[in-house]
Amino acid sequence: MAHTQQVAIVTGGSRGIGRAISTRLATQGVSICVNYSARPEPAEALVKELHTGGTSAIAVRADVSDPTQVEALIAQAEAELGPLTILVNNAGISAPATLETYDEAALDRMRRVNVNGVINTIRATMMGMKARGYGRIVNIASNAAIGTALPGTTFYAATKAEVLILTKRFALELGHTGITVNAVCPGWIVTEMARGTATEEEFSARVAEMRERTMVGRVGAPEDIAAAVAFLASPEAGFTTAQVLTVDGGRKDYIGHS
Ligand code: NAP
Numbered sequence: 005m006a007h008t009q010q011v012a013i014v015t016g017g018s019r020g021i022g023r024a025i026s027t028r029l030a031t032q033g034v035s036i037c038v039n040y041s042a043r044p045e046p047a048e049a050l051v052k053e054l055h056t057g058g059t060s061a062i063a064v065r066a067d068v069s070d071p072t073q074v075e076a077l078i079a080q081a082e083a084e085l086g087p088l089t090i091l092v093n094n095a096g097i098s099a100p101a102t103l104e105t106y107d108e109a110a111l112d113r114m115r116r117v118n119v120n121g122v123i124n125t126i127r128a129t130m131m132g133m134k135a136r137g138y139g140r141i142v143n144i145a146s147n148a149a150i151g152t153a154l155p156g157t158t159f160y161a162a163t164k165a166e167v168l169i170l171t172k173r174f175a176l177e178l179g180h181t182g183i184t185v186n187a188v189c190p191g192w193i194v195t196e197m198a199r200g201t202a203t204e205e206e207f208s209a210r211v212a213e214m215r216e217r218t219m220v221g222r223v224g225a226p227e228d229i230a231a232a233v234a235f236l237a238s239p240e241a242g243f244t245t246a247q248v249l250t251v252d253g254g255r256k257d258y259i260g261h262s
């Protein structure tokens, strides 16, 4: 396929890791649809920043767990920016729980965002990508899916493990159509999600603890994940599919077998 203009949707692209992915792809000349679900301000501020840098960008509100909203998101992105070449499934939420504190409604909501969200966006984009014979899909999972054991993340980890198996199976299903599907498993990355409800003191203690657990001796930044996504989303990555790239600074408290 001749790449006249690359166009990406980054779900949850307004804050944290998604913001870094949006910004990184924009520096490579990609037009960006910044998706968000609840807070328009960060999305609109980012779009303004991207425009200033000369990037075509729009912000579109859609809850990825709702297939109807996702279809409208894809339609708007393609109408305003052009045919999609890149889909980054970054939107995700964490609902901490243990067997004791299990809350079915909260965990069901988490599954619908983290798992169904990936299915909804891929189903809505794949027809166009198939017709054009080209697509790059990158799913943001978590190293929790492959072996970490932070307290309260069991059910979150299960949703991300689902994302990994879906990545491999969708890659199998779509590979012959020119679409690659890969996953990135971030380690502990400083964002609002990682901060959660911790006080400054608790957060500093957590940063120190996580720094100690990594081989490279630091915690992750959203840009660390964006760099990995940029490779998997590039035309040069066409022979790389069904892969899981763990970007966690080399955790010492477990060895991931990804
Ligand atoms: P974050 O700071 O909480 O940002 C989440 C983003 O997702 C926001 O843009 C948010 O938009 C959006 N979002 C939430 N629910 C959505 C929905 N239903 N539909 C559409 N957008 C939605 O999170 P983050 O730390 O950057 O995490 C990004 C991804 O990396 C997630 O999938 C997360 O599970 C994964 N991850 C994070 C870490 C980490 O340490 N931070 C580690 C491993 C994996 P609103 O402004 O509308 O809420």
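Residues 5 to 262 in our numbering are what the sequence shown lists, from first letter to last.
From the three backbone atoms N, C-alpha and C, an ideal C-beta is built for every residue, glycine too.
So which of 177, 119, 100 has the shortest CA-CA distance to residue 131?
The residue labelled residue 131 in the question sits at position 127 within the sequence shown. It is 177 whose Cα lies nearest to the Cα of residue 131.
Sequence-distant residues of its chain with Cβ nearer than 6 Å to residue 228 (five each side left out)
Numbered from 1 along the sequence shown, position 224 holds the residue referred to as residue 228. Closer than 6 Å at the Cβ level, and outside the excluded window around residue 228, lie 251.
Terminal residues of the continuous beta strand (DSSP E) containing residue 140?
Mapped onto the sequence shown, residue 140 falls at position 136. Counting along the chain, the beta strand (DSSP E) containing residue 140 begins and ends at 139 to 144.
Apply the 10 Å Cβ neighbour rule to residue 220 and answer buried if 16 or more other Cβ atoms are within range, or exposed otherwise.
Here residue 220 refers to the residue found at position 216 of the sequence shown. Exposed, by the Cβ-count rule.
The region 147 to 154 contacting the region 121 to 139, beta-carbon criterion three pairs below 8 Å
no
With 16 other Cβ atoms within 10 Å as the buried cut-off, status of residue 139:
Taking the first residue of the sequence shown as 1, we reach residue 139 at position 135. Residue 139 is buried by the Cβ-count criterion.
Beta-bridge pairing of residue 185 - partner residues as DSSP gives them
Start at 1 with the first residue of the sequence shown, and residue 185 comes out as number 181. Answer is 141, bridged to residue 185.
Enumerate, from N- to C-terminal direction, the unbroken beta strand (DSSP E) stretches of 3 or more residues contained entirely within the region 42 to 87.
61 to 65
For the pair the region 226 to 245 and the region 39 to 50, tell me if three or more CB-CB distances fall below 8 Å.
no
Going by DSSP in three states, residue 190 sits in which element: helix, strand or coil?
Your numbering for residue 190 matches position 186 in the sequence shown. Strand, per DSSP.
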